[in-house]
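Structure record follows, encoded as structure tokens.
Number of protein chains: 2
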Amino acid sequence: MEFELSKDFLERFQQALNERDSDFIRTVLEEVNPADITALLYEFNGEESKYVLDLLPVAVQSKIINDLDSDTRRSFLANYAATELTEIVNQLDSDDAADILNELPIKTSEEIIAGLEADLRSQVIDLLRYDENVAGGLMAKELIKARADWNVVQCVEEIRKQAESVTKFYTVYVVDDADKLLGKVSLQKLILTEPRTLVKDILDEDVVSVETYLEDRDVAEIMSKYDLESVPVVNVQGQLVGRITIDDVVDVITEQAEEDRQLMTGISEDVEEDDSVWRNTRARLPWLLIGILGGLISARFMGFFEAELAQVTAIAFFVPLIQATGGNVGIQTSSLVVQSLVNPGFVDEGLWKRLVKVFSVALLNGFFLGLIVLGVNRLVFGNNPLNLVVSLALFFVVVFASFVGTITPIILNRFGFNPALAAGPFITTTNDLLGLGVYFLTIHLLM
Amino acid sequence: MEFELSKDFLERFQQALNERDSDFIRTVLEEVNPADITALLYEFNGEESKYVLDLLPVAVQSKIINDLDSDTRRSFLANYAATELTEIVNQLDSDDAADILNELPIKTSEEIIAGLEADLRSQVIDLLRYDENVAGGLMAKELIKARADWNVVQCVEEIRKQAESVTKFYTVYVVDDADKLLGKVSLQKLILTEPRTLVKDILDEDVVSVETYLEDRDVAEIMSKYDLESVPVVNVQGQLVGRITIDDVVDVITEQAEEDRQLMTGISEDVEEDDSVWRNTRARLPWLLIGILGGLISARFMGFFEAELAQVTAIAFFVPLIQATGGNVGIQTSSLVVQSLVNPGFVDEGLWKRLVKVFSVALLNGFFLGLIVLGVNRLVFGNNPLNLVVSLALFFVVVFASFVGTITPIILNRFGFNPALAAGPFITTTNDLLGLGVYFLTIHLLM
């Protein structure tokens, strides 16, 4: 059952750790699910964690190490000798083994490969040539293959043979002499069919497969579109070479959401808070520089209106209001457009209808905001001709920013860029400049 | 195999639709996976889509309608009579049936429930009392239950009986007389075990279950933590009442990412671009008003420095630069903190170490940006005492905004709010004001 990390337990556990009380630790962790032990270890440092792991059976150790996120694992495994690692990697499925080997220094990884069991070694070597972000890099080699002319009993025999290496499976894949994928048989069907029945008579030929070079995002899309718990992977000759399970794809979906969010918040490299100071700095500078460039252009632009500003200083007071609103409206609009580009609606409205709607929303928002600001300014600054100018400019800024926020992600998407880019600092900076232009143009025309 | 939507095919299909050429449509769609037909229908309007669906077997119709996203489905199903809907819902699993019934007007849904087959009706009525966003609202009632004192043959018999209603399953759940969950047996084990073996001898008691009232986010977390393809749901008495499969949880993860993104981009309601103009307007106004409030406070604040501004108009030129940088730094920082709150690292660094690192990154970024701006200003505006003030203010703004961006999500998280809130307009507005304050304070002190 589930396991709760209580404060009392943690304190008791830390005490046992300090005293290196191996009996206590071993006993208390015996019944605990490896995934819970992983969560527990996040509370301790690398050295303590290794001490705990060394007390556990190697099968549990390997599960825990496999559960770690890859950055944490990379630094944690630096404490391990190649021989220890070989023992651990030998316990893993081929896809997980390849992932870990990819993270290790090349020398260590060669030493480990040399020590792997023969089957696993050849599987891992085959997997290592694929990029991490394609189907070949996600797949595991372990699967149950059957021939169309076998009967159910022969199929079950094959499952028995493979059962030790294939830990979790729900489908038997059927291939021809040349290993070409013909179809699949679910375990459910196998259980319910009379033993002498031939595989070809219960074969489901309508099987969705992916090719080794398909990008991980596309694999995730296909699996969630067809509601698959696993998908067979074929090479360009149509031969079955592996399978991808849904748990790997859940990780892809989570990472993708994270990546989009980083783009939107102006972080240009895949970086985490606990990466080095220098890496964190470098990941942020590019977008910050775009903002700075926008700010410098703003400064130069306002320079042209020095005369007006010197005459009516209050003009400057409303620059933040105009710019903030332009930025906020732009981000809101583009975020919704990005969302609808990812999940198109049942009835695609077409660009024209979409723009009409965006304009309607903008007109309403602009009207409300302009009115509110007019009221407040009247109360705070009294009856001033600038009030009307500010509210009018605000109205136009809302309308223009909505337009830019709509059109930018659509254009980026059409030219093959990730539209989420548009919801980030790029669009904010554009809208800042646009807002300033609209504001000073309104002043120029009306005052 | 997979199906490609070519432009030629679409044109040909549209033509067949215009001519109401039912033979062509039926023939061409016969071999196509329902999920691909769903994608195809997104190209046509509601009336055309219904015409196509009516030509297909009711099992395929129900799969397609089940695939639609809920907003699209709500409007699409308005074209259907209750009798048609009853036929379709009768084909669905209990969880999908309950989802659709929840979206329909209460009168229609009552009519449909009355027309359902007895088993499905009682299952659906049981499901309808749960909220959409708890385990009870995600689960399906269809599952295979076995008793511990049965043997493997009896188990297979039970599977045979249920196989018609349970479309996809990989695990048999074992319960006692009172329906209390005792453990599980995988299909894999069932296939490999000698038929006379008792269930209790192959039972895996180490089964993770969730309770009906657990929130969907937590269900997703548990399933991905323990790598489960399905999880049994128990009520407060520990009785087995349903099961949740991984495909439902993939939807939860996707929706959650979308929700966080909406919060971060200042959209306060769950809204899509194709919702009504009024709903779109209402979802955006609250955050825009916060921005406006910030802008008005900025205006009032700058009013206090009217004398300085009148004397040196150029002070106003750099307000956009200062504010944009503060906003960008704040969003970047909080986005990384939110990420690390969601995925804690192996070694939790603690608040203090975290702040030291944030400050280091901020000092580096602030130093670079200040230097660059100093250089550019020197070139563009010549040797002016304001240049140094601007760069110094910029440096402090970067440092303060990093601090606010770090501390806000941590505080929100500690008090149980979604920390993603902090990466949105709230933190931008705070940093806008902060930036302005720092800038004018620096001017006041140095000029």
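Line by line, the protein sequences give chains X and U. So the first sequence is residues -5 to 441, counted in the working numbering. So the second sequence is residues -5 to 441, counted in the working numbering. Virtual Cβ for every residue (Gly too), placed ideally from N, Cα, C. Values in this document were obtained by computation on a predicted structure and should not be read as measured data.
Partner residues on chain U for residue i, Cβ-Cβ distance less than 9 Å
| i | result |
| --- | --- |
| Asp317 (chain X) | First, the residue type needs correcting, since residue 317 (chain X) is Gln and not Asp in the sequence shown. Near Gln317 (chain X) (Cβ distances below 9 Å), the residues of chain U are Gly289, Val313, Pro314, Gln317, Ala318 and Asp426. |
| Asn377 (chain X) | Here the premise fails: no neighbours, minimum Cβ distance about 16 Å. |
| Glu209 (chain X) | By Cβ distance, chain U contributes nothing, its closest Cβ being about 15 Å from Glu209 (chain X), past 9 Å. |
Whole-angstrom C-beta distance between residue j and residue i, which should lie under 8 Å
| i | j | result |
| --- | --- | --- |
| Gly260 (chain U) | Gln317 (chain X) | That pair is no contact at about 15 Å. |
| Ile238 (chain X) | Ala129 (chain X) | 6 Å |
| Val169 (chain X) | Lys139 (chain X) | 5 Å |
| Trp144 (chain X) | Val193 (chain X) | 5 Å |
| Ser88 (chain X) | Leu114 (chain X) | 6 Å |
Neighbour list for residue i in chain X, Cβ cutoff strictly below 8 Å
| i | result |
| --- | --- |
| Arg154 (chain U) | Leu186 |
Three-state secondary structure (DSSP) of residue i
| i | result |
| --- | --- |
| Asn84 (chain X) | coil |
| Val166 (chain X) | strand |
| Val341 (chain X) | With a pLDDT of 44 at Val341 (chain X), under the threshold of 50, the modelled position of that residue is not reliable, and no figure is offered here. |
| Ala140 (chain X) | strand |
| Thr239 (chain U) | strand |
| Val228 (chain X) | strand |
| Asp269 (chain X) | coil |
| Leu234 (chain X) | strand |
| Asp221 (chain X) | coil |
| Asp198 (chain X) | strand |
| Glu5 (chain X) | helix |
| Asn145 (chain X) | strand |
| Glu253 (chain X) | helix |
| Val204 (chain X) | strand |
| Ala33 (chain U) | helix |
| Glu126 (chain U) | coil |
| Glu152 (chain U) | helix |
| Pro134 (chain U) | Per the sequence shown, the amino acid found at residue 134 (chain U) is Ala instead of Pro. Here Ala134 (chain U) sits in strand by DSSP. |
| Glu188 (chain X) | coil |
| Glu209 (chain X) | strand |
| Asn412 (chain U) | coil |
| Gly324 (chain X) | helix |
| Ile284 (chain X) | helix |
| Ser292 (chain X) | helix |
| Asn27 (chain U) | coil |
Chain-ordered chain U contacts of residue i [CB-CB under 7 Å]
| i | result |
| --- | --- |
| Pro419 (chain X) | Asn322 |
| Glu300 (chain X) | Thr307 |
C-beta contact flag for residue i and residue j at 9 Å
| i | j | result |
| --- | --- | --- |
| Phe311 (chain X) | Phe434 (chain X) | no |
| Val46 (chain X) | Pro28 (chain X) | no |
| Glu302 (chain X) | Ile437 (chain X) | yes |
| Pro403 (chain U) | Ala387 (chain U) | no |
| Phe397 (chain X) | Val331 (chain X) | no |
| Gln9 (chain U) | Asp17 (chain U) | no |
| Val150 (chain U) | Leu184 (chain U) | yes |
| Val391 (chain U) | Val432 (chain U) | yes |
| Leu234 (chain X) | Glu199 (chain X) | no |
| Pro419 (chain X) | Gly320 (chain X) | no |
Neighbour list for residue i in chain X, Cβ cutoff strictly below 9 Å
| i | result |
| --- | --- |
| Ser292 (chain U) | Phe311, Phe312, Val313, Pro314, Leu315 and Ala318 |
| Ile247 (chain U) | Val244, Ile247, Thr248 and Ala251 |
Neighbouring residues, chain U, relative to residue i (Cβ below 8 Å)
| i | result |
| --- | --- |
| Val391 (chain X) | Per Cβ cutoff of 8 Å: no residues; Val391 (chain X) is ~11 Å from chain U at best. |
| Val271 (chain X) | Lys351, Ser354, Val355 and Leu358 |
Boundaries of the beta strand (DSSP E) in which residue i is found, first to last residue
| i | result |
| --- | --- |
| Val179 (chain X) | Leu175 to Ser180 |
For residue i, the first and last residue of its enclosing alpha helix (DSSP H)
| i | result |
| --- | --- |
| Ala310 (chain U) | Ala308 to Phe311 |
| Lys101 (chain X) | Ile100 to Gly109 |
| Leu71 (chain X) | Ser64 to Leu71 |
| Ala301 (chain U) | Glu300 to Gln305 |
| Tyr433 (chain U) | Pro419 to Leu440 |
| Ser0 (chain U) | Run containing Ser0 (chain U): none; DSSP gives neither H nor E here. |
| Tyr45 (chain X) | Gly40 to Asp48 |
| Pro403 (chain U) | Pro379 to Arg408 |
| Arg115 (chain X) | Ala112 to Leu121 |
| Ser56 (chain U) | Val52 to Asp61 |
Residue i: contacting residues in chain X (beta-carbon distance under 7 Å)
| i | result |
| --- | --- |
| Asn274 (chain U) | Val355 |
| Met296 (chain U) | Ala310 and Phe311 |
| Lys219 (chain U) | Ala29 |
Any non-hydrogen atom of the ligand ATP within 8 Å of residue i CB
| i | result |
| --- | --- |
| Gly324 (chain X) | The model depicted lacks the ligand ATP and carries no ligand whatsoever. |
Fill in: Cβ-based contacts, 7 Å cut-off: residues of the segment 357 to 375 of chain X near chain C
The question asks about chain C, but that chain is absent: this structure's protein chains are X and U.
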